[in-house]
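Visitor: Going by the working numbering, the first residue of the sequence shown is number 3, and it counts up by one from there.
By construction, the Cβ of each residue, glycine as well, lies at the ideal position given by its N, Cα and C atoms.
Values in this document were obtained by computation on a predicted structure and should not be read as measured data.
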Amino acid sequence: MKKNKIIRVFITLIVVGAVFYAMAWVLTNNKAKNEAKTAIVAQGHAEVPVRVKLVEKQSLLQDMSANGKIAAGQELNFASENSGRVIRILVDEGDHVQKGQTLAVIKADQLNVDVEAAQAAYQNALRDKERFESAFSTGGVTQQQMDQSKLNLENTEARLRQAKIRVSDTNIKSSINGIVNKRYIEPGAVVSPGTQLFELVDISNMKLKVSINEAQIPFINVGDEVTVKASVYPDKAFTGKISFIAPKADNTLSFPIEIEISSNPGHLLKAGMYGSAHFHFDKPAPMIAIPRNAFIGSVASNQVYVVEDGSKAKKRDVVAGRIMGDHVEILQGLEEGETVVTSGQINLIDGSSVTVLQ
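#1: Start and end of the beta strand (DSSP E) containing residue 205?
#2: In whole angstroms, what separates the C-alpha of residue 163 from that of residue 233?
#3: What is the DSSP secondary structure of residue 109, reduced to helix, strand or coil?
#4: Under the three-state reduction of DSSP, which class applies to residue 124: helix, strand or coil?
#5: How would you write the range of the beta strand (DSSP E) that residue 243 sits in, first residue to last?
#6: Using a Cβ-Cβ cut-off of 6 Å (strictly less than) and excluding sequence neighbours within five positions of residue 229, which residues of its own chain qualify?
#7: On the CB-based measure, 16 or more other CB atoms within 10 Å of its CB, does residue 158 come out buried or exposed?
#8: Using C-beta distances below 8 Å, list every residue in its chain close to residue 67, excluding the 5 sequence neighbours before and after it, in chain order.
#9: Looking only at C-alpha atoms, which of 86, 100, 227, 316 sits nearest to residue 107?
#10: Report all residues from its chain with a CB closer than 8 Å to the CB of residue 145; omit the five preceding and five following residues, and keep chain order.
#11: I'd like to check one pair, residue 173 with residue 104: are the Cβ atoms closer than 8 Å?
#12: Compare the C-beta of residue 314 against all C-beta atoms of chain C and say whether one is closer than 8 Å.
#13: Quick one: is residue 210 buried, meaning 16 or more other Cβ sit within 10 Å of its Cβ, or exposed?
#14: Give me whichever residues DSSP pairs with residue 86 in a beta bridge.
#15: Do the CB positions of residue 52 and residue 359 come within less than 8 Å of each other?
#16: To the nearest angstrom, how far is the alpha carbon of residue 91 from that of residue 156?
#17: Taking its Cβ as the centre, do 16 or more other Cβ atoms sit within 10 Å of residue 71, making it buried, or is it exposed?
#18: For residue 303, which residues in the same chain have their Cβ closer than 7 Å to its Cβ, ignoring the five residues on either side in sequence?
#19: Determine the DSSP secondary structure at residue 273, reduced to helix, strand or coil.
#20: Could you check if residue 73 is buried or exposed, using at least 16 other CB atoms within 10 Å of its CB as the buried criterion?
#21: Since residue 203 contacts residue 97 with CB under 8 Å, what's their CB separation in whole angstroms?
#22: Please work out which residues of its chain come closer than 6 Å, Cβ to Cβ, to residue 77, disregarding the five sequence neighbours upstream and downstream, and give them in chain order.
#23: Please go through the same chain and pick out, in chain order, the residues whose beta-carbon is closer than 8 Å to the beta-carbon of residue 334, but skip the five residues on each side of it.
#24: Spatial neighbours of residue 45 within its chain, please: C-beta separation below 7 Å, excluding the five flanking residues on both sides.
#25: Would you mind reading off the limits of the beta strand (DSSP E) that contains residue 80?
#26: Thinking residue 224 and residue 245 are a contact (beta carbons under 8 Å), I'd like their distance in whole angstroms, please.
#27: For residue 60, write down the residues that DSSP places opposite it in a beta bridge.
#28: Is it buried or exposed for residue 192, if we count other Cβ within 10 angstroms and need 16 for buried?
#29: If you draw a straight line from the C-alpha of residue 187 to the C-alpha of residue 83, how long is it?
#30: Contact check, residue 79 vs residue 218 under 8 Å by CB: the rounded distance?
#31: Which residue comes first and which comes last in the beta strand (DSSP E) that contains residue 103?
#32: What does the alpha-carbon distance come out to for the pair residue 101 and residue 242?
#33: Can you list, in chain order, the residues of its chain whose CB lies under 8 Å from that of residue 75, leaving out five sequence neighbours each side?
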């Protein structure tokens, strides 16, 4: 039995060894074949079909447009700063208001009592200070008592000012010129600090918010004039000026910008309308540019294949500049009149023979 077992183990080892030998032979043979094919391609015995593009100077920068939403120059939500009952409302939705105009009045009886109490405390502190000053001149009180009387007067004066401010805040006044878009209160309503009272909108100066991609950022600046159009007024054009360019891209890798619309005759533009910004650029000097798909792998590789002598593909290092749509500016590495491969690079190595497809 022991002898049979040894024989079986021996046979198993022979079979396993034969399998590994066969696998090694297949892999070595395939490698040799691949190397032979690569060598043939490199020596020009096999032509790789490719598509090409002539390198030439182009003026790629064109006028562009971006869509967005029109917003009011200012939007302000008024909230109450005091508790009390609304006794008068002086404006309604749609009314035009001026800065400093009273919009509503809150009952101030309790606050007036607070003012009277603060006024009395202030007068009492003032008399105490005067008595202490008289006594201090004759040595009747100490310097510390004198200083304490001055501090007490300052504190009561501050409380009096604070009470008067609270009374003044019962007259709800506009801090901007605009239109009452929403009124959230009714006469007799009881409000508390933070209760929303009015929404004011200033549409005398509007702004358009749009987003542009990174390729367009180098060509715009704060202060540039822009033509603005609203979808509801296709035949009317408004003049705008770029007032803000975001220093950071948003989640969509776009850069938000804001355009101030300098005039809004007849208040035609309303907040919330859809609009478009049209950017006009001076025609730039022509630049060497190639299609984006000419790069090996991606633009970041900074490598392309150039067809030399009409039949040989040579790998070339280049320096890519701005990306403008489907084209990339080339700062260094290519000359006008050369030919780059735009399709078929995956089958090429440096020195491959190629046939150009029409």
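Guide: In terms of the structure at hand:
#1: 198–215
#2: Going by the C-alpha atoms only, they are around 52 Å apart.
#3: Three-state result, residue 109: coil.
#4: In this structure, DSSP gives residue 124 a helical state, which the three-state scheme calls helix.
#5: Note, residue 243: beta strand (DSSP E), 235–247.
#6: 239, 280
#7: buried
#8: 278, 279, 280, 281
#9: 86
#10: 138
#11: yes
#12: Protein chains in the displayed structure number just one, and chain C is not present.
#13: buried
#14: 193
#15: yes
#16: 37 Å
#17: exposed
#18: 297
#19: coil
#20: buried
#21: Contact doesn't hold; Cβ gap of about 12 Å is too wide.
#22: 203
#23: 320, 321
#24: Below a pLDDT of 50, predicted positions are generally treated as unreliable, and residue 45, at 49, falls in that range; the measurement from the model is reported next regardless. Nothing listed; no residue qualifies.
#25: 66–81
#26: 7 Å
#27: 289
#28: exposed
#29: Residue 187 and residue 83 have their alpha carbons spaced roughly 14 Å apart.
#30: Contact doesn't hold; Cβ gap of about 34 Å is too wide.
#31: No beta strand (DSSP E) holds residue 103; DSSP gives it neither H nor E.
#32: 25 Å
#33: 204, 205, 206, 207, 208, 209, 262
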